[in-house]
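>
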Amino acid sequence: MTITLVFIAVMMAIFGGWLFSHSINVRPWEAAPADTGSTPMGRNGQLPPGVTAPRVGLAVFVAVATALFALTISAYLMRMEMGHDWRTLPTPGLLWLNTACLVLGSIALQWAWNGARRGDERSLRLGLGLGGGFTIAFVLGQGLAWQQLNAAGYYLVENPANAFFFLLTALHALHLLGGLAAWARTLFRVQRGAAPAAVRASVELCALYWHFLLLLWVVLFALLLNT
Amino acid sequence: MAEPGRESVSYAPAGEFDDMELSHPKTFLGKYIWSQDAKVIAIQYGITAMAIGVVALVLSILMRLQLGFPGTFALIDPGSYLQYVTMHGMIMVVYLLTALFLGGFGNYLIPLMCGARDMAFPYLNMLSYWFYLVAVLILVASFFVPGGASGAGWTLYPPQAISPGTPGIDGGILLMFISLMVFIAGFTMGGLNYIVTVLQARARGMTLMRMPLTIWGIFMATVMALLAFPALLVAVLMMLFDMLLGTSFFMPAMLTLGEQSGHEGGSPLLYQHLFWFFGHPEVYIVALPAFGIVSDILATHARKNIFGYRMMVWAIIIIAVLSFVVWAHHMFVSGMNPYFGFLFATTTLIIAVPTAIKVYNWVLTLWRGNIRMTVPMLFAIGFIFTFVNGGLSGLYLGNVTVDVPLADTYFVVGHFHMVMAVAPVLVVFGAIYHWYPKMTGRMLNDTLGKIHFWITFLGSYAIFYPMHFLGFAGVPRRYYAYGETGYIAESAQALNAFMSVAAIIVALTQLLFFFNLVWSYYRGRESGPNPWQATTLEWQTEHTPPRHGNFGETLPVVYRWAYDFSVPGAKQDYLPQNMPPEAVEYEDGGRGGGSAASPDEVRP
């Protein structure tokens with residue numbers, strides 16, 4: 001559980017530090033006019049301008065998803081040590097190609113986000129379309145990799161290493177599919193003629209979520225390659 | 228003791244805030260069924276949780292009937308007894324307490340106490356409830372599938388949970404897994420809302436250190452739940468793989484019914500680590516909201532500020548952090564590395580420090596307070612007693628050498644029922660008596676409430692106190708019947724019968740409570756907006772019960788913390804959080820804010 005504990009410790013340290021900065025030298029029992037309150041927090045321009053509710057919501061969700069994967073990776077490493085039946089499976093070469101797809105998808109969505117910020121409709125549409133396309137290619141590629149492994153006789157039930165391979169890739173793909181649902185909704189709105197400014201918040205959330213899933217995939221891929 | 232009038236408290240002028248996008252439903256269905264209003268969702272959560280809670284209560288009575296009068300009731304066989312144990316535990320911990328504290332009280336109180344119009348993401352909030360309802364229905368459905376509900380214990384330990392012969396293996400256990408996954412998905416949606424709303428949607432002037440402790444408790448419990456529930460999700464998912472696809476994450480090679488199972492090399496210990504990584508924080512997910520609510524009830528009904536507010540906040544946070552590094556104290560007898568046991572015993576005992584700080588602060592809040600023995604106050608004081616009792620037996624069980632002989636005896640059952648069943652449930656009742664006037668505009672009947680309190684409080688001691696003695700006598704838990712057991716004294720059976728009778732009385736008393744809820748809704752005394760003379764924002768709303776959008780035209784502005792009771796020198800007994808310093812009247816005729824007010828400014 002070391003990985004999970006490190007993650008929890010980091011989360012709690014960030015949280016504790018943030019709270020400390022809001023509670024040190026604060027005298028809650030003293031009344032004060034709202035505008036000169038000791039630590040002005042709340043809406044209405046008192047929060048840093050970039051901190052919007054959807055972004056915070058995404059950050060919280062990313063933390064939850066990270067906890068899920070940290071726990072699964074912990075289980076992976078513990079199961080590796082606990083049993084004596086672990087036989088590493090060869091990582092299919094196709095995964096490198098899939099990784100490239102996901103990187104391109106992430107870049108394309110970033111491009112779409114930049115386009116939405118500039119009001120550039122062309123790069124918004126193109127970036128959004130390409131981003132989703134590369135991602136679908138990634139998911140299909142993962143499916144193909146599963147098929148290759150099955151064909152080569154690395155069945156799910158054969159060995160815990162195989163089972164974990166399928167479990168981790170499936171969990172990651174499920175998170176991507178959830179993202180694709182949000183992506184499809186945004187694309188639909190763009191196709192219906194929504195202005196770049198109107199979909200900016202949605203595109204931004206998609207792009208940020210994709211970067212997170214890319215990072216997560218890199219970690220998972222590195223784990224699969226090295227163990 | 229003058230009351231601050233509505234004109235002396237402060238609201239932000241209309242239009243100063245960019246209003247949230249609230250949905251404005253027109254139809255009955257939109258208002259009360261597919262509602263996106265956090266208050267309606269809260270009540271939906273509350274009713275669903277209490278309904279499934281009654282099912283779990285009935286199951287516990289069935290268990291007590293068997294234990295008190297073994298063999299008398301033909302419908303209870305060993306298999307169904309285990310199903311009652313399992314479903315009672317799982318429902319009470321997850322589907323009643325977690326859902327009621329976070330989904331129920333969280334939804335009702337977070338927007339109102341923070342001074343927000345609604346949750347940050349109302350649509351997601353609605354989805355959260357419907358996921359919860361589906362999870363509950365799946366769980367209820369498991370009673371009716373062939374083979375009945377899950378009987379694998381609420382901890383669902385493998386290999387037992389998915390081996391042939393376990394009650395519910397034909398479908399009940401599968402449905403419980405699915406129900407849990409749906410619950411977790413729904414909870415994640417709700418939890419996102421609670422956190423973002425607390426962080427983003429607080430009223431002007433509501434700094435973190437001015438938040439009522441109720442909000443702190445619910446907020447930290449949500450943070451913990453969002454980090455801990457994934458552990459249960461992973462564990463359940465991997466077990467589903469083992470069960471349906473035949474993998475060996477948790478399942479070792481074994482012979483069942485004379486046949487070699489298809490599994491090999493899996494580690495049941497791994498499951499226990501994952502399960503308790505969720506399971507222990509879960510105890511505090513239930514306890515932290517209770518801590519917060521109790522703090523507010525005590526301060527309000529003792530007319531005193533909470534003692535050591537900042538210490539209380541930090542204690543909540545330290546408990547939250549520590550509770551993630553104590554999980555293996557549930558596994559002292561699991562065969563894990565004994566050095567772990569020492570480590571986890573240490574962290575477990577350290578939790579006693581912030582917890583004791585909280586208990587001392589509650590008692591010091593009562594010290595020389597102007598205590599009003601209202602029904603919520605009775606429940607809050609009852610909570611302190613019960614929590615201390617349950618916490619002290621926890622100190623025994625936290626030590627490896629004491630735990631080893633006591634594990635799997637009734638001592639453990641007595642301990643956790645005191646600390647995480649009776650104590651939080653007393654808070655649930657206290658909170659309902661406290662906030663019911665805000666939710667309905669009417670007071671609950673006082674006499675019925677007092678009868679309810681005394682029978683519930685004394686009755687639960689009659690049920691759970693003797694369990695500690697049974698545990699010392701070595702009576703093992705989870706057994707359907709004890710048969711010819713030489714080492715258990717015969718008087719243990721008399722004690723069991725006594726506990727069963729007490730349990731039946733306590734359970735029947737809850738009918739009084741439900742009757743009170745319904746009767747008072749129609750016939751209760753009108754409460755007015757602020758019957759307890761409380762300071763927090765939910766009592767300062769324009770309408771009681773608050774309407775859609777919570778605060779009418781304007782949102783409140785906050786100038787002070789939630790605990791300005793009996794402020795020295797002030798004429799008013801309490802100062803609402805949104806009362807500006809210059810509106811406070813003092814005994815010597817002066818007004819707050821440093822500047823002397825001209826006479827024509829003085830309001831009645």
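Residue numbers (the working numbering), protein chains in the order written: chain A, 1 to 227; chain B, 228 to 831.
Beta carbons: idealized from backbone N, C-alpha and C, even for Gly.
Just so we're clear, the structure is a prediction, and the values are computed from it rather than from any experiment.
Identify whether THR790(B) lies in helix, strand or coil by the three-state DSSP scheme.
Sequence check: residue 790(B) is Tyr here, not Thr. Note: TYR790(B) maps to coil in three-state DSSP.
> Less than 8 Å between the CB atoms is what I'm expecting for ILE715(B) and GLY701(B), so what's the real figure, rounded?
At roughly 7 Å, the Cβ-Cβ gap stays under 8 Å, so ILE715(B) and GLY701(B) are in contact.
> To the nearest angstrom, report how far apart LEU802(B) and PRO338(B) are at their CA atoms.
So the alpha carbons of these two residues sit roughly 20 Å apart.
> So that I know if they touch, is there some Cβ in chain B lying closer than 8 Å to that of PHE61(A)?
For PHE61(A), the answer is yes, since a Cβ of chain B falls inside 8 Å of its Cβ.
> Quick check: what's the CA-CA separation for GLN110(A) versus GLU204(A)?
So the two alpha carbons sit approximately 8 Å from each other.
> Less than 8 Å separating the beta-carbons of ILE365(B) and ILE405(B)?
In contact: ILE365(B) and ILE405(B) (Cβ atoms closer than 8 Å).
> Could one say the Cβ of ILE8(A) lies closer than 8 Å to chain B's Cβ atoms, at least one of them?
Output row for ILE8(A): interface = yes.
> Verify the CB distance criterion: does THR4(A) have a CB-CB separation below 8 Å to chain B?
Yes, because at least one Cβ of chain B sits closer than 8 Å to the Cβ of THR4(A).
> Along the region 12 to 24 of chain A, where does the CB come closer than 8 Å to a CB of chain B? Name the residues.
Against chain B - using a Cβ distance shorter than 8 Å - the residues of the region 12 to 24 of chain A are MET12, PHE15, GLY16, LEU19, HIS22, SER23.
> Around the C-beta of GLY132(A), are 16 or more other C-beta atoms found within 10 angstroms, so that it is buried, or is it exposed?
Under this definition GLY132(A) is a buried residue.
> Whole-angstrom Cβ separation of VAL513(B) and THR325(B), contact assumed at under 8 Å?
Indeed, because the Cβ distance is near 6 Å, the residues count as touching under 8 Å.
> Taking HIS211(A) as the reference, which of PHE134(A), ASN114(A), SER106(A) has the closest Cα?
Of the candidates PHE134(A), ASN114(A), SER106(A), the one whose C-alpha sits nearest the C-alpha of HIS211(A) is SER106(A).
> Nearest-angstrom Cα distance between VAL182(A) and LEU213(A)?
Before going on, a small fix: residue 182(A) reads as Ala here, not Val. Taking the straight line joining both Cα atoms gives about 14 Å.
> Nearest chain B C-beta to PRO49(A) closer than 8 Å, yes or no?
No, PRO49(A) lies away from the interface with chain B (no Cβ there is under 8 Å from its Cβ).
> Using beta-carbon positions only, say whether VAL654(B) and PHE610(B) come within less than 8 Å of one another.
It is a contact, given that the beta carbons lie within the stated cut-off.
> Would you kindly report the start and end of the unbroken alpha helix (DSSP H) that includes PRO349(B)?
Per DSSP, PRO349(B) belongs to the alpha helix (DSSP H) from 349 to 368.
> Check distances from the C-beta atoms of the region 179 to 211 of chain A to those of chain B and list, in chain order, the residues that come in under 7 Å.
Residues passing the 7 Å Cβ filter: none.
> Tell me, please, whether the region 702 to 711 of chain B touches the region 668 to 686 of chain B by the rule of three or more beta-carbon pairs shorter than 8 Å.
Segments in contact, no.
> For a contact defined as C-beta to C-beta under 8 Å, what are the partners of ALA53(A) on chain B?
Residues of chain B passing the Cβ test: ALA347, PHE348, VAL423, GLN427, ALA428.
> Compare the C-beta of MET78(A) with all C-beta atoms of chain B and state if any pair is closer than 8 Å.
Interface residue, yes.
> Where does VAL321(B) sit, in a helix, a strand or coil, going by DSSP?
DSSP places VAL321(B) in helix when its eight states are reduced to three.
> Note down, in chain order, each residue of its chain lying with its Cβ closer than 8 Å to the Cβ of VAL586(B), except the 5 sequence neighbours on either side.
ILE611, PHE614, VAL615, GLY618, listed in sequence order.
> Output yes if chain B places a C-beta closer than 8 Å to the C-beta of VAL64(A); else output no.
So yes, VAL64(A) belongs to the interface.
> Which residue's Cα is closest to the Cα of GLY331(B): TYR356(B), PRO479(B), HIS661(B), ARG431(B)?
The shortest C-alpha separation from GLY331(B) is found at TYR356(B).
> Just checking: is the beta-carbon of MET465(B) within a distance shorter than 8 Å of some beta-carbon in chain A?
True, the Cβ-Cβ gap to chain A drops below 8 Å.
> Should HIS315(B) and LEU286(B) be called a contact, given that it needs their Cβ atoms to be closer than 8 Å?
For HIS315(B) and LEU286(B), yes; Cβs fall inside 8 Å.
> Can you confirm whether the region 581 to 597 of chain B touches the region 529 to 544 of chain B when touching is taken to mean that 3 or more C-beta pairs between the two stretches lie within less than 8 Å?
Judged by Cβ distances under 8 Å, the region 529 to 544 of chain B makes contact with the region 581 to 597 of chain B, as three or more pairs qualify.
> Ignore the nearest five residues each way along the sequence and tell me which others in LEU130(A)'s own chain have a CB closer than 6 Å to its CB.
The residues are ALA108.
> Which of the three DSSP states is assigned to ARG431(B) in this structure?
If DSSP states are grouped into helix, strand and coil, ARG431(B) belongs with the strands.
> Name the one or two DSSP bridge partners that PRO703(B) has.
Answer is THR636(B), bridged to PRO703(B).
> Taking THR72(A) as the query, report the chain B residues whose CB atoms sit under 7 Å from its CB, ordered along the chain.
Within chain B, the residues near THR72(A) are VAL461.
> Indicate the three-state DSSP secondary structure (helix, strand or coil) for ARG774(B) in the structure shown.
Three-state result, ARG774(B): coil.
> For the alpha helix (DSSP H) containing VAL586(B), name the first residue and the last one.
From DSSP, the alpha helix (DSSP H) with VAL586(B) extends over 579 to 593.
> Which one or two residues does DSSP pair with GLU753(B) in a beta bridge?
Note: GLU753(B) sits in a beta bridge opposite ARG669(B).
> Which of the three DSSP states, helix, strand or coil, is assigned to GLN804(B)?
Three-state DSSP puts GLN804(B) in coil, outside helix and strand.
> For chain A, check one thing: does any of its Cβ atoms lie closer than 8 Å to the Cβ of ILE389(B)?
So, not an interface residue.
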